[in-house]
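Under the working numbering, the first residue of the sequence shown carries the number 127, and numbering increases by one thereafter. A virtual CB, placed ideally from N, CA and C, is assigned to each residue, including glycine. Below is one structure, written out as structure tokens; comments come after it.
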Amino acid sequence: MKSKKERIKEIKKDIEYYEEKLVEAKVLLDLWMKRK
């Protein structure tokens, strides 16, 4: 069994990963919109 602290740490890491991907997607979308 994993402790609650370990689970929270993993979840935070996942959230950071998704936030990074979201930022990348937004930047690409902005560039694409400007090109149109």
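- request: Output the boundary residues of the alpha helix (DSSP H) element that contains Lys138.
  value: Unbroken alpha helix (DSSP H) run through Lys138: Lys130 to Arg161.
message: Using a Cβ-Cβ cutoff of less than 8 Å, which residues in the same chain neighbour Arg161 once the five nearest sequence positions on both sides are dropped?
response: Excluding sequence neighbours, Arg161 sits near nothing in its chain.
query: What separation, rounded to the nearest whole angstrom, lies between the Cα atoms of Lys130 and Asp140?
result: Spanning the two alpha carbons is a distance of roughly 15 Å.
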